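Below is one structure, written out as structure tokens; the observations come after it.
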């Protein structure tokens, strides 16, 4: 009689062992001409996916907690676009493919300052319910490619994804060395400065209610920045000329009509994944109109302005702390230009007052 152990052994030998088949998990690839952007897209996708595991706070509805999905789509659906703009210390700029967000390289000093102000900045944004001209920071990333570290910060784009800006200014309320260089002016889309603004005879023509709202925001913002000992920030101003845009659109349609007449008759529609299709899914907007929930920095010119325009205005570059280095620069510039010169490197209280006073003069 066979023992129980022999019976089990015999049964096991007759049993077929099933081979396990493992299905490789699909990995989404993020391709861009610049390896740094590929890494950025992967990092954004990964970090935002982590939010799906976070429990929704009691005070929020499920829809309130899904804003990140829109940001993720804008920043990872297609590779960011290169911008010819160049910031302080050679900072590089990109925009998301749908032009909603700006991606900028920053220094390690900027990163340290962001960590210093972040708690108070967040509290300020919450308390003012987002009614501010300050940058809307959405993410900060450290990227490593071939052993080199790069820091990038993501903010909401001040300008519109739909309305073209034909001229832009970077205003500090200073007049010393505040003209665009010849090299800058040679660019397709140059950034002009304070003296250029004055010499152009430019003004911002908005109605009294819009002016009051704008200046109230600006006053509170610069007072907050002064408390944080921040200075050397700018007001970025972009101008959309409605009549000019209408004329360019008519000319573009005429050219398209001529090209269609010469073609084989096929009609090419808007690709389903194009930015215009995803962002402008609601009814078409008239020339010069915008969606204030998207173009949050936009203000229309008043009815009696010389030209029908839309202005985009916001405070940028707020991470400069008034430290020993800035104090030394202030002393050097004062010696060079004189104590009464309107240099940009001054203490935060003086900077905020001069900045605000100058901006009030450009709003007649």
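Residue numbers (full-length UniProt numbering): 1 to 364. In this text, a Cβ means the ideal position worked out from N, Cα and C, and glycines have one as well. Bear in mind that the values here come from a model prediction, so they are computed numbers and not experimental data.
Express the C-alpha separation of residue 225 and residue 355 in angstroms, rounding to a whole number.
-> What you label residue 355 is simply residue 355 of the chain shown in a count that begins at 1. What you label residue 225 is simply residue 225 of the chain shown in a count that begins at 1. The straight-line gap from Cα to Cα measures roughly 12 Å.
Per-residue DSSP class, three states only, for residue 358 | On the chain shown, position 358 is the one that residue 358 refers to. The answer is helix: DSSP assigns residue 358 an H, G or I state.
Measure from the alpha carbon of residue 359 to the alpha carbon of each residue in 121, 215, 139, then state which is nearest.
-> On the chain shown, residue 359 is found 359 positions in, with the first residue counted as 1. Closest by alpha carbon: 215.
Mark residue 52 as exposed unless 16 or more other C-beta atoms lie within 10 angstroms of its C-beta, in which case mark it buried.
-> What you label residue 52 is simply residue 52 of the chain shown in a count that begins at 1. Looking at its Cβ environment, which holds fewer than 16 other Cβ atoms inside 10 Å, residue 52 is exposed.
Three-state secondary structure assigned by DSSP to residue 121 = Position 121 of the chain shown, counted from the start, is the residue given in the question as residue 121. Reduced to three states, the DSSP call for residue 121 is helix.
For residue 230, which residues does DSSP report across the bridge?
-> Reading the chain shown from its first residue, position 230 is the one you call residue 230. 321.
Are residue 46 and residue 100 touching if we call contact CB-CB under 7 Å?
-> For the purposes of this step, residue 46 is identified with residue 46 of the chain shown, where counting begins at 1. For the purposes of this step, residue 100 is identified with residue 100 of the chain shown, where counting begins at 1. Result no, Cβ atoms of residue 46 and residue 100 do not sit closer than 7 Å.
In the DSSP assignment, find the unbroken alpha helix (DSSP H) run with residue 207 in it and report its ends.
-> Mapped onto the chain shown, residue 207 falls at position 207. No alpha helix (DSSP H) contains residue 207, which DSSP labels as neither H nor E.
Identify every residue that forms a DSSP beta bridge with residue 94.
-> Translated into positions along the chain shown, residue 94 becomes position 94. 82, 103.
With a threshold of 16 other CB atoms inside 10 Å of the CB of residue 159, please say whether the residue is buried or exposed.
-> The count along the chain shown starts at 1 and reaches residue 159 at position 159. Buried is the call here.
Going by DSSP, which residues form a beta bridge with residue 143?
-> Along the chain shown, read from residue 1 onward, the residue named residue 143 stands at position 143. Note: residue 143 sits in a beta bridge opposite 150.
State the start and end residues of the unbroken beta strand (DSSP E) segment that holds residue 312.
-> Here the question's residue 312 lines up with position 312 in the chain shown. Where residue 312 is concerned, the enclosing beta strand (DSSP E) stretches over 309–316.
By DSSP, does residue 131 sit in helix, in strand, or in coil?
-> Within the chain shown, the letter at position 131 stands for residue 131. DSSP places residue 131 in coil when its eight states are reduced to three.
For residue 237, the three-state DSSP class (helix, strand or coil) | On the chain shown, position 237 is the one that residue 237 refers to. In the three-state scheme derived from DSSP, where H, G and I count as helix and E and B as strand, residue 237 is classed as strand.
Would you please state the rounded distance, in angstroms, between the beta carbons of residue 180 and residue 192? I believe it to be under 8 Å.
-> If you number the chain shown from 1, residue 180 lands on position 180. If you number the chain shown from 1, residue 192 lands on position 192. That belief holds up - the Cβ atoms of residue 180 and residue 192 are roughly 5 Å apart, short of 8 Å.
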